[in-house]
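In order, the protein sequences belong to chains H, R and V.
If you count the first sequence from 1, position 12 lands on 289 in the numbering used here, and the numbers rise without skipping.
If you count the second sequence from 1, position 74 lands on 105 in the numbering used here, and the numbers rise without skipping.
If you count the third sequence from 1, position 94 lands on 422 in the numbering used here, and the numbers rise without skipping.
In what follows, a structure is listed as structure tokens, so that the remarks can point back to it.
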Amino acid sequence: MSGHDHSHESENLPPLEGAGGPALENLVLEEAIRELLIEKEVIEAREVERLLEVLQTRRPALGARLVTRIWTDPDFRKLALENGKAAAELELGINLVEAPEIIFLENTPKRHHLVVCTLCSCYPTYIMGPSPTWYRSKAFRARVVKEPRAVLAEFNTDLPEDVEIRVVDSTAEVRYLVVPVRPGGSEGMNREALARLVNRDSMIGAALADSP
Amino acid sequence: MEGRYQVGERVVVRSDTPKGYCRTPFYLRGRPGVVTGQLGPFLDPEKMGYGLPGLPKRFLYTVRFGQSGLWSDYDGPAGDTLIADIFEHWLDPGE
Amino acid sequence: MRSTHDLGGAPWDEMLDLEVNDVTPFARRVTALVEILRHPSKQVFVTDELRRAIESLPKNDYLTLTYYEKWIRAVKALVVEKGVLSQEEIDARVEEILRRREADKTG
Chain H
278 MSGHDHSHES
288 ENLPPLEGAG
298 GPALENLVLE
308 EAIRELLIEK
318 EVIEAREVER
328 LLEVLQTRRP
338 ALGARLVTRI
348 WTDPDFRKLA
358 LENGKAAAEL
368 ELGINLVEAP
378 EIIFLENTPK
388 RHHLVVCTLC
398 SCYPTYIMGP
408 SPTWYRSKAF
418 RARVVKEPRA
428 VLAEFNTDLP
438 EDVEIRVVDS
448 TAEVRYLVVP
458 VRPGGSEGMN
468 REALARLVNR
478 DSMIGAALAD
488 SP
Chain R
32 MEGRYQVGER
42 VVVRSDTPKG
52 YCRTPFYLRG
62 RPGVVTGQLG
72 PFLDPEKMGY
82 GLPGLPKRFL
92 YTVRFGQSGL
102 WSDYDGPAGD
112 TLIADIFEHW
122 LDPGE
Chain V
329 MRSTHDLGGA
339 PWDEMLDLEV
349 NDVTPFARRV
359 TALVEILRHP
369 SKQVFVTDEL
379 RRAIESLPKN
389 DYLTLTYYEK
399 WIRAVKALVV
409 EKGVLSQEEI
419 DARVEEILRR
429 READKTG
């Protein structure tokens, strides 16, 4: 063994072909930059390890918890609509001081929000984890602002003409989380059961919450 | 810092074509909209993008656009809309 | 003129690929690196600089690289721009790692 950190070796080999994996040159570029930054003490290896663990904790389940509490707790809903970040910190017990602002967008039977970031791919990663690959695709970013209903149809999300589709282009400092309409038949369900109905795509606005 | 535009006011996005980094999408430039929210002052991304301190801060708004005002061939109901966050120095008063 | 990255409303007749998933271990490592470097305790760069660097990639790279590949290319540009690492030492280390991998494979 050389003196180099091989702890991620199994992950580094081989690049995934045609499955969204990086080319070898870019895989190795990350390794090279990381090694050099550690050697020069700009960063520490354990910082990277720690952050990789933190990243694993960011999942759509966090967003789903927020949605279900908004559905079921009027005081929390009020706080969430006034100060999204404070509400998220309260419910999830996490520190979002480094995170951008969060705004919750409530869908209603007459208005459906659908979020995109046409300029890059802004997404509420702190409470949702990494965005789905399609969200970052050029096709989604190019098309959804102009033909939202055609894009929604690809998710099998068909909304009547009298529902206003409101596309939300997340252009600047705010990250948006959609609160889907609470599905019929979910009355009396507890928060844990409700949270299982809140799929990731429903919090982007590409889908509806699941039916019980 | 106070915002120049109030909620409900009509605005038009400027048609500038800056050479460098900015956060105003091309498809919204020159388009009329209505302010629906005041998000407050933020460090100026156009300066932050180049490692500068981002001052003076810029006031940020949520602006709503009618889809039929964005695309002449919009294929959907007249009530469909789009919102985006636009900085004050990118907005002019609307009619 | 519309910039390459400024995609909203650009003519695009391709359907969405809802199956592909690029959130690989590589993607997580790149994300971790970016979050560490832009944390206020280090602030090697800020988010707007990362975006600017991504938008400044050659057009063909912007259109063909995957999202996290663009990120690592932009990180490279920024650490060089900031004088944290030099282009030469990065290139040399890339070569070294490639040789190491080759040796691991054959040895």
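Yeah, the Cβ is synthetic: ideal placement off N, Cα and C, and Gly gets one too.
If you run the structure through DSSP and keep just helix, strand and coil, what is residue i?
{"i": "Thr385 (chain H)", "result": "strand"}
{"i": "Ala449 (chain H)", "result": "coil"}
{"i": "His285 (chain H)", "result": "Reliability fails at His285 (chain H), whose pLDDT of 39 lies under 50, so the model's placement of it is uncertain and the value that follows must be treated cautiously. The answer is coil: DSSP assigns His285 (chain H) none of H, G, I, E or B."}
{"i": "Leu91 (chain R)", "result": "strand"}
{"i": "Val458 (chain H)", "result": "coil"}
{"i": "Gln37 (chain R)", "result": "coil"}
{"i": "Gln98 (chain R)", "result": "helix"}
{"i": "Thr112 (chain R)", "result": "strand"}
{"i": "Arg490 (chain H)", "result": "Coverage of chain H is limited to positions 278 through 489, which leaves residue 490 (chain H) absent and any answer about it impossible."}
{"i": "Glu312 (chain H)", "result": "helix"}
{"i": "Leu361 (chain V)", "result": "helix"}
{"i": "Glu119 (chain R)", "result": "helix"}
{"i": "Phe373 (chain V)", "result": "coil"}
{"i": "Pro489 (chain H)", "result": "coil"}
{"i": "Glu469 (chain H)", "result": "helix"}
{"i": "Val374 (chain H)", "result": "coil"}
{"i": "His441 (chain H)", "result": "It should be pointed out that residue 441 (chain H) corresponds to Glu in this sequence rather than to His. Note: Glu441 (chain H) maps to strand in three-state DSSP."}
{"i": "Leu304 (chain H)", "result": "helix"}
{"i": "Leu391 (chain H)", "result": "strand"}
{"i": "Pro56 (chain R)", "result": "coil"}
Whose C-beta lies closer than 8 Å to the C-beta of residue i among residues of the same chain, with five residues either side of it excluded?
{"i": "Ser287 (chain H)", "result": "Any reading at Ser287 (chain H) is ruled out, since the residue's pLDDT is 38, under 50, leaving its predicted position unreliable."}
{"i": "His283 (chain H)", "result": "Confidence at His283 (chain H) is low in this model, with a pLDDT of 38, below 50, so its placement is unreliable and the value that follows should be read with caution. Closer than 8 Å at Cβ, skipping near neighbours: no residue."}
{"i": "Leu378 (chain V)", "result": "Val362, Arg366, Trp399, Ala402, Val403 and Leu406"}
Check whether the Cβ atoms of residue i and residue j sit closer than 8 Å, and answer yes or no.
{"i": "Arg421 (chain V)", "j": "Leu304 (chain H)", "result": "no"}
{"i": "Val458 (chain H)", "j": "Leu391 (chain H)", "result": "no"}
{"i": "Asp104 (chain R)", "j": "Val42 (chain R)", "result": "no"}
{"i": "His333 (chain V)", "j": "Tyr390 (chain V)", "result": "yes"}
{"i": "Thr448 (chain H)", "j": "Ala109 (chain R)", "result": "no"}
{"i": "Asn492 (chain H)", "j": "Val455 (chain H)", "result": "In the structure as shown, chain H begins at 278 and stops at 489. Residue 492 (chain H) is therefore absent and cannot be evaluated."}
{"i": "Ile315 (chain H)", "j": "Ala309 (chain H)", "result": "no"}
{"i": "Ile418 (chain V)", "j": "Glu324 (chain H)", "result": "no"}
{"i": "Phe432 (chain H)", "j": "Ala357 (chain H)", "result": "no"}
{"i": "Gly107 (chain R)", "j": "Arg426 (chain H)", "result": "yes"}
{"i": "Ala416 (chain H)", "j": "Met343 (chain V)", "result": "yes"}
{"i": "Leu91 (chain R)", "j": "Gly71 (chain R)", "result": "yes"}
{"i": "Thr434 (chain H)", "j": "Leu335 (chain V)", "result": "no"}
{"i": "Thr392 (chain V)", "j": "Gly298 (chain H)", "result": "no"}
Under 8 Å, Cβ to Cβ, is there at least one residue of chain V near residue i?
{"i": "Ser439 (chain H)", "result": "In the sequence as presented, Ser is not what sits at residue 439 (chain H); that position holds Asp. Chain V, which has no Cβ nearer than 8 Å to the Cβ of Asp439 (chain H), makes this no."}
{"i": "Leu332 (chain H)", "result": "yes"}
{"i": "Gly82 (chain R)", "result": "yes"}
{"i": "Met32 (chain R)", "result": "no"}
{"i": "Glu366 (chain H)", "result": "no"}
{"i": "Asn303 (chain H)", "result": "yes"}
Can you find a CB in chain H that lies within less than 8 Å of the CB of residue i?
{"i": "Phe73 (chain R)", "result": "yes"}
{"i": "Trp121 (chain R)", "result": "no"}
{"i": "Val358 (chain V)", "result": "yes"}
{"i": "Arg379 (chain V)", "result": "yes"}
{"i": "Met343 (chain V)", "result": "yes"}
{"i": "Arg421 (chain V)", "result": "yes"}
{"i": "Tyr58 (chain R)", "result": "yes"}
If we cut at 8 Å on Cβ distances, does residue i have a partner in chain R?
{"i": "Lys415 (chain H)", "result": "no"}
{"i": "Val374 (chain V)", "result": "yes"}
{"i": "Val456 (chain H)", "result": "no"}
{"i": "Ala376 (chain H)", "result": "no"}
{"i": "Arg428 (chain V)", "result": "no"}
{"i": "Gly435 (chain V)", "result": "no"}
{"i": "Glu363 (chain V)", "result": "no"}
{"i": "Lys355 (chain H)", "result": "no"}
{"i": "Ile442 (chain H)", "result": "yes"}
List the whole-angstrom C-beta distance separating residue i from residue j, where the pair is believed to meet the contact cut-off of C-beta under 8 Å.
{"i": "Ala360 (chain V)", "j": "Ala381 (chain V)", "result": "With a Cβ gap of about 18 Å, Ala360 (chain V) and Ala381 (chain V) do not count as contacting."}
{"i": "Ala431 (chain V)", "j": "Ala419 (chain H)", "result": "That belief does not hold up - the Cβ atoms of Ala431 (chain V) and Ala419 (chain H) are roughly 44 Å apart, past 8 Å."}
{"i": "Trp411 (chain H)", "j": "Asp350 (chain V)", "result": "About 10 Å separates the two Cβ atoms, so there is no contact after all."}
{"i": "Glu307 (chain H)", "j": "Phe354 (chain V)", "result": "6 Å"}
{"i": "Val44 (chain R)", "j": "Trp121 (chain R)", "result": "6 Å"}
{"i": "Glu119 (chain R)", "j": "Gly51 (chain R)", "result": "That belief does not hold up - the Cβ atoms of Glu119 (chain R) and Gly51 (chain R) are roughly 18 Å apart, past 8 Å."}
{"i": "Pro460 (chain H)", "j": "Asp487 (chain H)", "result": "7 Å"}
{"i": "Asp446 (chain H)", "j": "Leu113 (chain R)", "result": "6 Å"}
Within its chain, find whatever has a CB closer than 7 Å to the CB of residue i; leave out the 5 residues flanking it on each side and keep chain order.
{"i": "Ala365 (chain H)", "result": "Leu343, Leu373, Ile379 and Ile404"}
{"i": "Gly331 (chain V)", "result": "Here residue 331 (chain V) is Ser; the residue named in the question, Gly, does not match the sequence. For Ser331 (chain V), where only same-chain residues beyond five positions count, the Cβ hits under 7 Å are Glu383."}
{"i": "Glu450 (chain H)", "result": "Pro377 and Glu378"}
{"i": "Arg346 (chain H)", "result": "Phe353, Glu368 and Arg468"}
{"i": "Val319 (chain H)", "result": "none"}
{"i": "Val412 (chain V)", "result": "Val372"}
If I measure Cβ to Cβ from residue i and keep anything under 6 Å in the same chain, skipping five residues before and after, which residues do I get?
{"i": "Arg477 (chain H)", "result": "Pro337"}
{"i": "Ala341 (chain H)", "result": "Ala472 and Val475"}
{"i": "Leu339 (chain H)", "result": "Leu369 and Ile404"}
{"i": "Asp111 (chain R)", "result": "Gln98"}
{"i": "Gly61 (chain R)", "result": "Ser46"}
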